[in-house]
Amino acid sequence: MTRDHDLHAELTDLMGALCERRLTPTQTKRLEELVIGNQAARTFYVEYMHIHAGLARLAAVDPGTELHARIESLLAATPAPQPRPKGAPVPPSAPSVEGSGHGNATPLAFLGAALSHISWISIAAVFAAVALTLWLRAPRAIERPAEPLVADAPLYVATLLRAPGCKWDTCQLPTEAGARLFPGRLRLAEGQALIEFDSGAHVLLKGPAVFELRSAMEARLLSGTVSVNVPEKARGFTVDTLSAKVIDLGTEFGLIAEPSGASEVHVLAGLVELESGSAGHASRAQVPAGQARRFESLAAATARDVPFDASLFPRDVLAALADEHEMARRGVTDHFDGDVLDPRVWRTVETVVAGAASVVQIDGHVELTNRGHLVTKDEFDPAICGTLRIRGRWIFQSEKDYMQILTRSDGEPDDLHGETRNGIECYLNTQLRYAGITERLDGRNAAGIGGAAFEVSPGDTVAFEVLDDGTNITFSVEKIGDDSPPLVIRGTSGLDFAHDYVVFHNRERIEAGAGWRELIPMLPPEYQTMISQLDDVTIEVLANPIPSDHGPH
Amino acid sequence: MSGDSVFPIDSSRRNERTEEFIRLFTRHEPRIFAYILTLLPSFPDAEDALQQTNLVMWRKFGEFQTGTDFMSWGRRIAHLEVLALRKRKQRTTTLFSDEFVEAVATENEAQSDALESRQRALAVCLAKLKPRDQHLVHLRYQPGATTQSVAQQVGRSADAVYKALNRIREALWGCIKRTLSVEAHA
């Protein structure tokens, strides 16, 4: 009895480790020994794996629906229970599940009794009918992504770079731009989403599509259209569909997976290798740029030529987005020489309710007036790019003006005062003689996350530096030509917004600020227009995390 | 080759055979998956083998004799596909030995008749789990889920989730045994 108990306990541990991919090589060997050499162990192994399989089938039929809802819907979909043969009694009380409390504690307690009336065949038939439908309509919809048997897979395999205007169906992965993605399935209902695999491959998914990330080098298109761009370092990146596997040999291709199981590959540049057919009937072929192949059905082992059509794939968008991302990596350096702002780098927003806002490049610097916004053309998402460093010089011209620099921002003036709607703001307030960091959320200061006194007056030039790694923010200011020590403020914020522009602006025209209206009569006229100068701006992405000791320059 | 060339017979006969395939497939596919998973205890591998098995069954259904054992026929095809996949993956995946696979395949055949009643009991026992445990099972058995991803979702450590899942499967195993025992003596 004790020996049986010990064997059962050992097997339970081993099976748990096997199912959760924690089985070590030693445990694998031990499990093998037991299963091969012991009938009881063999029986237990098969019974346990049947439970594992049953649970997976239950979840796979309709991923996303809670288990209890699924059981309920199965009951609803199951034909009315057949009367039990006479003399075949219903057990008075079904056994409870040890370790899980009593059935009465669950909202599904009634199901135990209800299910005992129902033939499993009918339940299985419902499961399987749905599974078959999925299989026929959306091939491999019930499949799972690659996972090694031994648990050494990295947690994340890719990053969702952009998803502007995307609508998502229920899916298991995060769908916010900038989100890191672990192996799993994306269901894009509408729009275009750019994914960067950790191998360096870029995939542009065009909705509606179901796309499964399997590893940094493997993906599966279940339905829809993708454009794939693979740099040399990710050579061998593979995307498969039900009917074909496309192995990239350092190139660019488009792939379509149809619900029928048919798929088409169009080679946009370079060369790809195609694999198709089932075990024992596999065929391989290389397809060069400008050609396309179509696999008709689930069972097709060979492809046929079809007219190449690059317009089916949003290749330009992929290239543009990838370029944009690269530009963000390269960063910005601008000394504002010349008479006009570089339109490739900057945009300006002057629609401030308080009025008379402007942003102009003049005399080798930018002049910011009455909260005119200077906004980067590119987005710099520290969660994607890495630690962002923004440096420059700010020259105060007006009493009571502010220096305001934002990261992770939409760059949109919002309230009466024209403060920016969203972002992480680093500011220096001449009126309060105070520097700080605050979260701007939906047009209000959501939370101050650090600050300290700092004396500054009109005519002062301040060197500034902002570091943002997506969580930690360091804001440093130092007066040029002054012996006073630099000020360094540190704070943290996990706020992540839809846009990640860098923004510079000063204070609004005071006379229109509602909160200040009663003060206007007391202020000299020259205080009513706010002017600051900005110069020598650099925005860069650092390879290393935020350093612990540094000054603004 | 397309699906239309599977049955080189007239269309009404073809429709009839297609319906028969769907009926048999519907009934047996979960059991074939369970069989494969015991031999390839990794979901992606098992799904790959299942997919190939399904395709071969579909293509070769013309050879299947109506009235003979579909499950047994499907299991033989699945077995060959498992061996083919093992051969393909030998170099990249940790696998059990051939001897292990053969021993488990034989045990599967011995347990084949009990599988349907065991799956029914699983549904009964699942319904008895605490909502919290049901939720954990739901999360863990979503496609692509891992112990780690579930731990993140529920805000518990991976070890705690690991232990909870093992406890739940163990509890289900015990519950199924008792359920079948009660039924056998009823």
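Going down the list, the sequences are from chains A and B.
Counting in my numbering, the first sequence runs from 2 upward without gaps.
Counting in my numbering, the second sequence runs from 883 upward without gaps.
Think of the CB as a built atom: it goes at the ideal place given N, C-alpha and C, for glycine as much as any other residue.
- DSSP places B:K942 in the uninterrupted alpha helix (DSSP H) bounded by 925 to 942.
- In the DSSP assignment, A:Y502 forms a beta bridge with A:S410.
- In this chain, the alpha helix (DSSP H) harbouring A:Q28 covers 26 to 38.
- For A:F238, the closest Cβ of chain B is not nearer than 8 Å.
- The alpha carbon of B:N990 has as its nearest neighbour, out of A:K168, A:L429, A:Q40, the alpha carbon of A:Q40.
- Annotation for B:I1050: no beta strand (DSSP E) segment contains it, though the alpha helix (DSSP H) segment containing it runs 1040 to 1067.
- Residue contact with chain B for A:L19: present (Cβ-Cβ distance below 8 Å to some residue of chain B).
- The three-state reading of DSSP puts A:R434 in coil, since its state is none of H, G, I, E or B.
- At a cut-off of 8 Å between C-beta atoms, A:M531 does not count as an interface residue with respect to chain B.
- Contact fails between the region 980 to 989 of chain B and the region 941 to 954 of chain B, because fewer than three Cβ pairs, one in each stretch, are under 8 Å apart.
- Residue-level contact by beta carbon fails for A:I490 and chain B, as no gap is shorter than 8 Å.
- For A:G451, the enclosing beta strand (DSSP E) starts and ends at 445 to 454.
- Neighbours of A:P459 in chain B, taken as residues at a C-beta separation under 8 Å, are lacking, since the least C-beta distance is about 51 Å.
- At a C-beta separation below 9 Å, B:R1051 has these neighbours in chain A: T13, M16, G17, C20, Y49, I52, H53, L56.
- B:C1057 is the residue among B:W940, B:C1057, B:A928, B:A987 whose C-alpha sits nearest the C-alpha of B:L1008.
- Secondary-structure assignment with DSSP links A:E253 through a beta bridge to A:N230, A:A270.
- A:A210 is a Cβ neighbour of A:L189, given a cutoff of 8 Å.
- In this structure, DSSP gives B:L1011 a state outside helix and strand, which the three-state scheme calls coil.
- Below the 9 Å Cβ cutoff, chain A contributes V36, Q40, R43, T44, Y46, V47 as neighbours of B:E989, in chain order.
- Contact annotation: the region 199 to 207 of chain A touches the region 220 to 231 of chain A, with at least three C-beta pairs closer than 8 Å.
- DSSP, reduced to helix, strand and coil, places A:G166 outside both helices and strands of the structure shown, so it counts as coil.
- In the DSSP assignment, A:S477 falls within the beta strand (DSSP E) that extends over 473 to 480.
- When the alpha-carbon of A:C167 is set against those of A:L182, A:E191, A:V158, the nearest one is in A:E191.
- Contact annotation, A:W395 with A:L375: C-beta distance approximately 12 Å; criterion of less than 8 Å not satisfied.
- A Cβ-Cβ distance of about 6 Å is found for the pair A:L182 and A:L161, placing them in contact under the 8 Å criterion.
- Between A:V463 and A:L429, the CB-CB gap stays under 8 Å.
- Taking the Cα positions, A:R345 is about 33 Å away from A:E400.
- Interface criterion not met: the Cβ of B:E945 is under 8 Å from no Cβ in chain A.
- Taking 7 Å as the Cβ-Cβ cut-off, the region 179 to 199 of chain A approaches chain B at F183, P184, G185, R186, given in chain order.
- Residue contact with chain B for A:L59: present (Cβ-Cβ distance below 8 Å to some residue of chain B).
- Here the region 367 to 384 of chain A does not lie against the region 452 to 460 of chain A, with fewer than 3 beta-carbon pairs under 8 Å apart.
- For B:L965, there is no enclosing beta strand (DSSP E); the residue is part of the alpha helix (DSSP H) that begins and ends at 952 to 971.
- Within the region 353 to 399 of chain A, the complete alpha helix (DSSP H) runs of at least 4 residues fall at 383 to 386.
- By the Cβ criterion, the region 931 to 938 of chain B is in contact with the region 957 to 970 of chain B, since at least three pairs of Cβ atoms, one from each stretch, lie closer than 8 Å.
- Around B:T1029, the beta-carbon contacts reaching into chain A at under 7 Å are E21.
- At a cut-off of 8 Å, the C-beta of B:R1000 has a neighbouring C-beta in chain A.
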